[in-house]
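Colleague:
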Amino acid sequence: MRIGIGYDSHRFAPGRRLILGGVEIPFERGLAGHSDADAVAHAVTDAILGAAALGDIGTHFPPSDPAWRDADSLVLLEKAVRLLEDHGHRVVNVDVTVICEAPKLAPHVPAMRERLAAALGIGSAQVSVKAKSNEGMGWIGRGEGIAALAVALVADR
Ligand code: MG
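According to this note's numbering, the stretch in the sequence shown is residues 7 to 163, in order.
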């Protein structure tokens, strides 16, 4: 068994869709980024890569590569899962905390769990997503962006 941690943050930007955990969430702003800026998917990808000591999302899918422009981050997550499998690992479970002041994410948690689980190739009971506010403090409290933390457990195949 091996454990990994992932973190990501993205700044809000006008004229972008808000995609978190592979789910499009209705909101007046989206997140800035080279890909679809799915901070939840990026944190999970870093957590599973970290558990296997296989680098991070930036090394495998560099923002300088036009192939990942506006990329569906769940596709990147699926590629990372395949990389783990090639190295003899499988993902056991994932736990995520998303931190933002708005929008309210709780109604979208079941869909995020389903989408992430499908990309990870595990059951949704093995995927936890929790939404928190930052109690009005700091850049998250001012509504400047969204942060996500993830841990992943990985086992030998
Ligand atoms: Mg990111």
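Quick reminder that beta carbons are idealized off the backbone N, C-alpha and C, glycines included.
1. In whole angstroms, what separates the C-alpha of residue 27 from that of residue 114?
2. Shortest alpha-carbon distance to residue 9 belongs to which of 55, 17 and 18?
3. According to DSSP, is residue 77 part of a helix, a strand, or is it coil?
4. Does the beta-carbon of residue 63, which I'm using as the reference point, lie nearer than 8 angstroms to any heavy atom of ligand 1?
5. How long is the line joining the alpha carbons of residue 23 and residue 151, rounded to whole angstroms?
6. Extract the residue ranges of the alpha helix (DSSP H) inside the segment 32–108, only unbroken runs of 4 or more that lie entirely within it.
Modeller: On the basis of the supplied data:
1. 9 angstroms
2. 55
3. coil
4. yes
5. 13 angstroms
6. 45–57, 63–66 and 79–92
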